[in-house]
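Residue numbers (the numbering used here), protein chains in the order written: chain Y, 1 to 383; chain F, 1001 to 1278; chain L, 2001 to 2525. Backbone N, C-alpha and C fix where the C-beta goes; we use that ideal spot for every residue, glycine too. Predicted model, so just to flag it, every value in this text is computed and none were measured. What follows is one structure encoded as structure tokens, with my remarks underneath.
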């Protein structure tokens, strides 16, 4: 390795990834921002090339999940910390944005009241204090970032400070999301209880069910997914990323060479939570509902399996995993609903037992094998 | 109870100690005006009634090379744990120089003020290359916000390359450290220690698993470091201890049994008893 | 109606008791006029002699007939004279007197009051208990009379309370005050609500009575809250014993293999479904011995859960040794498969597992504190299992091996402990204990495919609080969490209690990251 001189930031940005990866990223953006809208709006519905609204919602939803998976990979794949409570941050972002969508319903609810329907139903006379400002898009966007960040920071500070790690940490995060779920199930909490938020009408004044709105949300999700990937790439290739993986592999050594793991863990933990929150905020208007079941421990564990299926410690892995698992889920739940849990359960077992590096690892292994075969058996073991 | 006490009690934040929020915020300066770099005074550590350290008193002079020997369970590793902040003593005090109270600092803070430690079992970052291992260890601002924008300057690269040559790993620089041999890992860990530019090095069985040749070269390296650095070496290998040539302290049942040069210690009746059994 | 009856009863009590039944009175029972009938019934009730009971009972059961001038009771083929009770010749054409609903009510009330004076102790007890709820002021003289005749201390006590209740409506403040004092000694929410109006000036003008009522209510409140809390502690203990059975297995497995078994809740489910299966088998083939299905289910549950555990360990968990986080995921996958398998085998709905008859009912410690037998038995069962585990761990070779592997796996392996067999056995043991917990759980909660999920977070918390591989820690943590959560639930509601406990645990871990019974030493990283 040769010493590197200081290089301009633009060059550093571009040298962050190989050219092939940049091209792939560009192709992804072109497909989601140009091709899909055309196939949806311009191509007539009967055509084989038409992309249905259902497909757009499904893919949009999975792209949100993919963001969550990348966030999970940052903390688990790179930081070695398995969170079983990431559903909480996703739901917090979703609820924060859901408040705005509820306010946008205005007087079009069943009770024609300024208050959301569930509050009228509970006979509340005014909005609770934490709903104030929820009619402002900007304020709510701030909440989408700030609420998961604060919750994650406070929880993480206490957990990491007392050096809770490994399965202990996983279990505590599971308890955290479980407690939050119970809290949100209560009507008195002020977030719609069991039913959560639904029946949205508008976003920024535009009809939420209009094809154009859907496409804008779809495109925005694609853009933010790409941005998340770039950000994660930058983060993991920086010195910060190297310290992070060092903490994963030998935490005590990191401490004894003078890094305080608390702040590194806390930083990546909070970043990961914020990414989940943003994904949740994009998810809610596309799917049209948010309720406390998003915080159930089962949902959070599923996030981990997306990452594991794709391959942790890589950045494309979580995206691949999120797509594969969720496409399988929508196929199973329609075709063989009673076998979905068997499949999911087996997936958990097979991936952990046989594919510790996930699909990306499998792909790399196959490619290496093919290359080795092509190169002949003269130089086995060489890359 | 005042609000500050509440903070201190409940969440462990000491509002009078800004260092908790970022250890580099308060400069601690090593004061070795009395030519002593480490004082351990009357230190006791007990684990469920078992006294790992029992009123241990030990001082290390600046620039000294000290060997610590003793049978298993004598408290050698626990002593290192106390110095590096991993274990808090039940009683007693540990001072680095004249002013710095080690019992009040965390592990990274202690590393930062200039105490480096090598573990009994080599702990390096297996997934990182040897180069990256050294880069991570290098003395620099180790806070999160610096790490996000840190780049490697030319001089830094040169220093790492120099260290790689010193520990004879320059040809292995870009290999993942996990693939190195046991001896090479020991050397890499010593190299990481040097990159930290510590004032005091604590080395727990540094030559375990090394070949004779490697052992001798390690001894040479340590001898050359003494003077500018202070070294505390825990070792069972008497040939290695002899080669180092410094003062030897014998620990037994958590306190100092004997101290002096190797020959004196080896002829001490109590030491012979401890090693050969009664 | 009953009130009218009672009013006339009091008048009648002033009259001297009649030695024998007046034929004239008996005759009146069959009068055409309902009013005459009522008067007769009331007068007969006051007679309070067994003959009156016999006649009134016969009338209530439509066995009283009129034949010319004679009133007879006909039982089967035999007729008796109503007044004397002597057998008479069967009349040719007996006519039934009209017994309308009003008369029936009168009869029922009269018979109930008469029961207070019945010769049979059980009947009197039942009567006084029934009258506790409607101790009208008019009844006071009757209670007084019954009190004088009564010798049984229990019934005497109840009568005194009943009389005091009746006396609350007395015009004399001194009588009222004395009644309040008597009632202040009781511990019953019903009496508390009777006394409550007397604490208001509008309802009780007399200051002395009112003050007595206020302090009586306070005294009752104090005793009530003690017994309520005792009840919560008891429910907490039984919840804790189930958590203990769940957590013991979890702690053994974690201690030996460092594995958190996310499918542990489903092992509880396996145990509960074993109880259900055994119940079905008994219902089909051994319906006469249905009460014994539960003891039969215990070995089945243990071995079924242990078999599932061994299968899990052999096929999945042992291949993940040292990769604890992955084990978390793999065992979660196992739990999903087990849940779905239960749905396929037993249906998605909850199944019904009933308590054997010897487990229903309970011990009444205080008027509002009943300890149900099923919970008592569960606590006893948990302690028994705990004892067995303790013996197994501390007095057998297997236990020694398990403890050795827990403390230092590689050293244990070096000195010849077959670590891989110990892993399997420990897993089977932990799973089996969870199966036993499932049987216990089936007796107090629903049995369904998802039942394990509800307990998994709780039992993890027990392990976290108790400390790694520390059985003693698991015991204290399980009982403590059970009691603490039930007490909190009583004060703040179930959800808030749960959240508070989770927050407490997170704070607790700040202070004791390794649990209550932490291992200390340089071997702990």
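Inter-stretch contact at 8 Å, needing at least 3 Cβ pairs: the stretch 297-314 of chain Y / the stretch 120-138 of chain Y: no
Sort F:1126, F:1156 and F:1127 by Cα distance to residue 1140 (chain F) and report the nearest one. F:1156
Ordered list of alpha helix (DSSP H) runs contained in the stretch 1143-1200 of chain F, each at least 4 residues: 1144-1149, 1154-1166 and 1182-1195
Residues of chain F with a CB under 8 Å from the CB of residue 267 (chain Y): which are they? 1144
For the alpha helix (DSSP H) that contains residue 2221 (chain L), what are its first and last residues? 2207-2257
Under the assumption that residue 2405 (chain L) contacts residue 2256 (chain L) (Cβ atoms under 8 Å), give the Cβ distance between them as a whole number of angstroms. 5 Å
Where the stretch 167-195 of chain Y meets chain L: residues whose CB sits under 8 Å from a CB there: 167, 168, 170, 171, 172, 174, 175, 176, 178, 179, 182, 183, 185 and 186
Step through the CB atoms of chain F and report whether any lies within less than 9 Å of the CB of residue 40 (chain Y). no
Can you pull out the residues from the stretch 2271-2285 of chain L whose beta carbon lies closer than 9 Å to at least one beta carbon of chain Y? none
Given a limit of 9 Å on CB to CB distance, which residues of the stretch 252-265 of chain Y reach chain F? 252, 253, 254, 255, 256, 257, 258, 259, 260, 261, 262, 263 and 264
Would you identify the three-state DSSP class for residue 80 (chain Y), choosing helix, strand or coil? coil
7 Å Cβ cut-off: residues of chain L touching residue 349 (chain Y): 2316, 2330, 2333 and 2334
Output, in sequence order along the chain, the residues in the stretch 1034-1064 of chain F whose CB is closer than 7 Å to any CB in chain Y. none
Own chain residues within Cβ distance below 6 Å of residue 2067 (chain L), not counting five before or after: 2091 and 2094
Who are the near neighbours of residue 68 (chain Y) in its chain, counting only those whose CB is closer than 7 Å to its CB and skipping five residues on each side? 86, 90, 276, 279 and 303
Using alpha carbons as the reference points, say which of Y:355, Y:63, Y:47 and Y:22 lies closest to residue 281 (chain Y). Y:63
Any Cβ of chain L within less than 9 Å of the Cβ of residue 356 (chain Y)? yes
Under 7 Å Cβ-Cβ, which residues of chain Y neighbour residue 1108 (chain F)? 255, 258, 259 and 260
So what's residue 206 (chain Y) in DSSP terms, helix, strand or just coil? strand
At which residue ranges does the stretch 2307-2386 of chain L contain complete beta strand (DSSP E) runs of 3 or more residues, listed in the order of the chain? 2362-2366 and 2369-2372
Does the stretch 2224-2244 of chain L come within contact of the stretch 2436-2450 of chain L, defined as at least 3 CB pairs closer than 8 Å? yes
Of the listed residues L:2057, L:2340 and L:2281, nearest to residue 2449 (chain L) (C-alpha basis): L:2340
Which of the three DSSP states is assigned to residue 357 (chain Y) in this structure? coil
Spatial neighbours of residue 2196 (chain L) within its chain, please: C-beta separation below 7 Å, excluding the five flanking residues on both sides. 2217
Could you give the residue range of the alpha helix (DSSP H) that holds residue 2421 (chain L)? 2419-2442
One or two residues paired with residue 1116 (chain F) in a DSSP bridge: F:1201
Per DSSP, what kind of secondary structure is residue 247 (chain Y) in: helix, strand or coil? helix
Interface flag, residue 1135 (chain F) vs chain Y, CB-CB below 9 Å: yes
Specify, as a first and last residue, the run of the alpha helix (DSSP H) that residue 86 (chain Y) falls within. 86-105
If we ignore side chains and look at the alpha-carbon of each, how far apart do residue 105 (chain Y) and residue 201 (chain Y) end up? 5 Å
Stretch pair the stretch 1036-1055 of chain F + the stretch 1205-1212 of chain F: three plus CB contacts closer than 8 Å: no
Does the beta-carbon distance from residue 2252 (chain L) to residue 2402 (chain L) come in below 9 Å? yes
Could you spell out the range, first to last residue, of the alpha helix (DSSP H) harbouring residue 1252 (chain F)? Not the alpha helix (DSSP H): residue 1252 (chain F) falls in the beta strand (DSSP E), residues 1247-1252.
Can you tell me the Cα-Cα spacing of residue 2396 (chain L) and residue 2422 (chain L), whole angstroms? 13 Å
Compute the Euclidean distance between the alpha carbons of residue 2363 (chain L) and residue 2126 (chain L), then round it to the nearest angstrom. 18 Å
Distance, Cα to Cα, residue 177 (chain Y) vs residue 292 (chain Y)? 10 Å
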